[in-house]
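J.:
4 protein chains.
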Amino acid sequence: MQKKQKKIVREPVQQRGKEKKAKIITAARKLLNREDYETVTANRIAGEAGVSVGTFYSYFKDKRDVFLEVIRQYSEDIFGELIASIRDLKQGSSNLEEVVRSLILVAKKRHDHEKGLHKQMLVQSIRDPEIRELSYIEEGRADSLIREILDQYKDQIDVKDPDAAIFLVTNCVEEMIHHLIIHGSEIPEERVFEELARMVYRYLARP
Amino acid sequence: MQKKQKKIVREPVQQRGKEKKAKIITAARKLLNREDYETVTANRIAGEAGVSVGTFYSYFKDKRDVFLEVIRQYSEDIFGELIASIRDLKQGSSNLEEVVRSLILVAKKRHDHEKGLHKQMLVQSIRDPEIRELSYIEEGRADSLIREILDQYKDQIDVKDPDAAIFLVTNCVEEMIHHLIIHGSEIPEERVFEELARMVYRYLARP
Amino acid sequence: MQKKQKKIVREPVQQRGKEKKAKIITAARKLLNREDYETVTANRIAGEAGVSVGTFYSYFKDKRDVFLEVIRQYSEDIFGELIASIRDLKQGSSNLEEVVRSLILVAKKRHDHEKGLHKQMLVQSIRDPEIRELSYIEEGRADSLIREILDQYKDQIDVKDPDAAIFLVTNCVEEMIHHLIIHGSEIPEERVFEELARMVYRYLARP
Amino acid sequence: MQKKQKKIVREPVQQRGKEKKAKIITAARKLLNREDYETVTANRIAGEAGVSVGTFYSYFKDKRDVFLEVIRQYSEDIFGELIASIRDLKQGSSNLEEVVRSLILVAKKRHDHEKGLHKQMLVQSIRDPEIRELSYIEEGRADSLIREILDQYKDQIDVKDPDAAIFLVTNCVEEMIHHLIIHGSEIPEERVFEELARMVYRYLARP
DNA sequence: AATGAATGAGCGTTCATTCAT
DNA sequence: CATGAATGAACGCTCATTCAT
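Protein chains in written order, with my numbering: chain V, 23 to 229; chain D, 23 to 229; chain A, 23 to 229; chain R, 23 to 229.
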């Protein structure tokens, strides 16, 4: 007789409510930076945020719902950093090799904070299409920025398949950074990044 | 509740016991190829293997324990494939560009079977240090094989930091393959691989 | 947790308060006509009435409290209908058989509106003594009306135990109507009512 | 990735398991005879039965599932009683009036035990189609027995619409009994039943 | 008076693990 | 050795009710 009544999630209009919602997101972000997504429970997020479970569920549909929000915020944060770093680059030197090296360092810097959270994001983006979608959006935005930069050096660049090249280069850099975050390396990071820059430069540069 | 007393796990000495253990591993492998690690339960593995949960727990400490075993076997299998493929390469052409291209295709081929299982392995290796350890061992073995191959072409190669270079090149290729397995790409795979080969070749080759 | 301290329920003296209370009752009545008592929540009644839960709880002790009020009103309403219908009957024919048939139709007509609410009332009157009490009062009033009518035909009536007879006849009719509301029937309603009238008439009539 | 995996309910094959399942059903029956369906929880049924919740859920899908089983058993029990009583009736007197009176008493006797449970069954049969179905089946079986009996007296019976008549008479009797179980009456039960018998007899009998 | 955010006990349910048979 | 019934802590989630604003 009764139909499944869409779950109602309160959208806080008042100041107090907004603060609570923010507190919950912060608590979730903290916990997700420390431990695996699966071991974090709604109850513990609420506890960490100093609110009751009921409150948690009045602002979020479930654990995944907060996680999405956390990722949105986190993406926003690191994208902000990216923008700032890129801005500095634009007025910089007109040497392609230098620019490539700088872009890699910028990409690396983006992942320096909250490595644990980043890990969880990577893992869940493998499993959860909606989370993957979020990552895509952020990556897309980053990609166009990078493309913009490289465009300024197009007279120094010579590749056969530009679309594949940009896809390859951005993801190679990204994945190497993830690899180092997640697995570390016996060889000191700087040396790896040095070679990475060299590889990318040689690939892009007119011989 | 977790670590009470050291759990006694029987090591099957008799033939029958060994067969049972193998059946359980196979069942787990099958399930892990189909669904996420978390959703696979001990009961279902036992069911799939046609034995009781009790039997399961007499051969394995817990779910993670079988997973480790599954990964060990899987690594062994794909390493076997790798050896075979490499052997063919050794008698092949003496052109560095061709060899790089071939090595990448070999690496790609290794991931063509049991993609689901591979995914689970990647995810868990992010989270579980012991699983990561397993991956290291296998990677190390693969690395030395590749090093061996490249050594044959050392006169055509010119890199400043050979250790960093080999680490970079192998992991870049590996991670790009993982990226394509997990996230796919809008650009056709062949074009990406073509550019990847070009990039690696230009990087290694004496200019 | 249940009965702590005597809950203070405001009795609205002002016009505005009375209107609010009425709006809440109307909202509850609407919801209870649509779905089961258990699935209706205080929050949703308040929402439907356009007031806050807090307001709800300042006018009613709890969910049951509104339900009692809803039933009181509903009883009042259908009793009103009954009175009107009976009034028409009084000037009617002096034939006992006709009167019985008419009374049954009147009883039936009473249940034609808000069948859902009626169902809930029946169910809860089975479980909640106070709700049962409310039904009694209304039934008692209906009974005396019917008794009054039948008194006009007492020369055509011949029963051994008049009190038991009136109890029997009224409840039989009532329960058959409920049965048809709740369970329906494979045999068309009209035929059942036709036979019901015949049965009651034969029972009451001097042979 | 994982589909909703049909809930597996263990069907006990061993003696021990069957006993446990029976204990749970008995516990549920006991609780449902004492209190409302809604207030009985799976946990409390398990507690009353002296088993764990887990055990409960390995034998039953949910609360409703046990309730269905309880009703099935209860129906079986009272139908057994009915058969026994009817058997006695068959060799009895050949007087229609006597038979009607006896059938009513038999029907009444069926409801003498576990009135609370019967109440819950009536209530839920209003709300849950599957429970209603169960009641129908039992009623159907009872109906055909009664029809069989009345057939023996068909020369003394004279009704215009036999199908409607049997529907009317059986349900009237049934509902009056329910009414008395649930609401009681100010007039002593015997007098009501006496008049009920008289009414039904007069209705059926050739005048 | 009115609000609606906040509470938290308690629901239904699952599953890793044990242990009597 | 093998079985699978039994356990129970712990999960996600709801809703009647309160109380600071």
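Where a beta carbon is used, it is the ideal one built from N, C-alpha and C, also for glycine. Note that the coordinates shown come from a computational prediction; the quantities given were computed from them, not determined experimentally.
Alpha carbon to alpha carbon, how far is Y59(D) from V75(R)?
T.: Straight-line Cα distance between these residues: approximately 26 Å.
J.: Whose CA, out of I203(V), V92(V), F189(V), lies closest to the CA of P210(D)?
T.: That would be F189(V), whose Cα lies nearest to the Cα of P210(D).
J.: When we look at the beta-carbon of R109(A) and count the other beta-carbons within 10 Å, is it buried (16 or more) or exposed?
T.: Its Cβ having fewer than 16 others within 10 Å, R109(A) is exposed.
J.: Is the beta carbon of R224(R) less than 7 Å from the beta carbon of G138(R)?
T.: No, they are not a contact pair.
J.: So which residues of chain V does F189(D) contact, with C-beta pairs closer than 7 Å?
T.: Neighbours of F189(D) on chain V, chain order: S207, I209, V214.
J.: Taking I179(V) as part of the alpha helix (DSSP H), name the residues at either end of that continuous run.
T.: No alpha helix (DSSP H) contains I179(V), which DSSP labels as neither H nor E.
J.: Between R220(D) and the rest of its own chain, which residues show a CB-CB distance below 6 Å, the 5 nearest in sequence each way excluded?
T.: So no residue of the chain qualifies.
J.: What does the Cβ neighbour count give for V240(R), buried or exposed, with the cut at 16 atoms within 10 Å?
T.: This structure gives no information on residue 240(R), because the portion of chain R shown stretches from 23 to 229.
J.: I want to verify the contact list: residues of chain A whose CB lies under 8 Å from the CB of A64(R), in sequence order.
T.: The premise fails here: A64(R) is roughly 17 Å from chain A at the closest Cβ pair, so nothing lies under 8 Å.
J.: For E197(R) and chain A, any beta-carbon pair shorter than 7 Å?
T.: Yes, contact with chain A.
J.: Going by beta-carbon coordinates alone, are E103(D) and R123(D) separated by less than 7 Å?
T.: No; because the gap between Cβ atoms is not below 7 Å, this pair is not in contact.
J.: Tell me whether K112(V) is buried or exposed, calling it buried when 16 or more other Cβ atoms sit within 10 Å of its Cβ.
T.: Its Cβ having fewer than 16 others within 10 Å, K112(V) is exposed.
J.: How long is the line joining the alpha carbons of D165(D) and F78(V), rounded to whole angstroms?
T.: Looking at the two C-alpha atoms, the distance is approximately 49 Å.
J.: What is the rounded straight-line gap between the Cα of I168(D) and the Cα of E98(D)?
T.: If I take the Cα positions, the gap works out to 17 Å.
J.: Using the Cα positions of E70(D) and V62(D), report the straight-line distance between them to the nearest angstrom.
T.: One C-alpha to the other measures close to 11 Å.
J.: Quick one: is the Cβ of N117(R) within less than 6 Å of any heavy atom of the ligand FMN?
T.: By its list of ligands, the structure shown contains no ligand whatsoever, and the ligand FMN lies outside what it can speak to.
J.: Residues of chain D with CB under 8 Å from K42(V), in chain order?
T.: What K42(V) touches in chain D: nothing, since even the nearest Cβ is about 30 Å away.
J.: Based on Cα-Cα distance, which residue from E41(R), A68(R), K40(R) lies nearest to K52(R)?
T.: The shortest C-alpha separation from K52(R) is found at A68(R).
J.: Chain V beta carbons: is any one of them nearer than 7 Å to that of H201(D)?
T.: So, interface residue.
J.: Would a C-beta distance cut-off of 7 Å place I148(D) and I204(V) closer than the cut-off?
T.: It is a contact, given that the beta carbons lie within the stated cut-off.
J.: Just list the alpha helix (DSSP H) runs in the segment 109-181 of chain V, keeping only unbroken ones of 4 residues or longer that don't cross its boundaries, in chain order.
T.: DSSP runs (the alpha helix (DSSP H)) wholly in the segment 109-181 of chain V: 118-132, 137-149, 151-173.
J.: If distances are taken between C-alpha atoms only, which option among D150(A), S157(A), L218(A), R228(A) comes closest to V181(R)?
T.: Checking every option, the nearest Cα to that of V181(R) belongs to L218(A).
J.: Quick one, which of V145(A), I47(A), Y175(A) has its alpha-carbon nearest L118(A)'s?
T.: Out of V145(A), I47(A), Y175(A), Y175(A) has the C-alpha closest to the C-alpha of L118(A).
J.: Going by CA-CA distance only, name the one from E170(D), Q142(D), F89(D) that's closest to H200(D).
T.: The shortest C-alpha separation from H200(D) is found at Q142(D).
J.: Alpha carbon to alpha carbon, how far is D177(A) from A129(R)?
T.: If you take the alpha carbons of D177(A) and A129(R), they lie about 34 Å apart.
J.: Using only the alpha-carbon positions, how far apart do R86(A) and I100(A) sit?
T.: Near 21 Å, if we compare the C-alpha coordinates of I100(A) and R86(A).
J.: Which value, in whole angstroms, describes the spacing of the CA atoms of H135(R) and Q146(A)?
T.: Rounded to whole angstroms, H135(R) to Q146(A) spans 22 Å at the Cα level.
J.: I think N45(D) touches V73(D), with their Cβ atoms under 8 Å apart; what is that distance to the nearest whole Å?
T.: One detail in the question is off: residue 45(D) reads as Lys in this sequence, not Asn. Confirmed, Cβ separation roughly 7 Å.
J.: Using a Cβ-Cβ distance under 7 Å, would V145(V) count as near chain D?
T.: Yes, its Cβ sits closer than 7 Å to a Cβ of chain D.
J.: Which residues of chain A have a Cβ atom closer than 7 Å to the Cβ of I204(R), listed in chain order?
T.: Here the neighbours are I148.
J.: Note down, in chain order, each residue of its chain lying with its Cβ closer than 6 Å to the Cβ of V222(D), except the 5 sequence neighbours on either side.
T.: Hits under 6 Å: V122, V191.
J.: Anything in chain A within Cβ reach of E60(R), meaning under 7 Å, just list it in chain order.
T.: Within 7 Å Cβ-Cβ: E60.
J.: Do you know offhand how far L90(R)'s Cα is from F215(A)'s?
T.: Answer to the nearest angstrom: the Cα atoms are 33 Å apart.
J.: To the nearest angstrom, how far is it from the Cα of Y81(V) to the Cα of A49(V)?
T.: Going by the C-alpha atoms only, they are around 14 Å apart.
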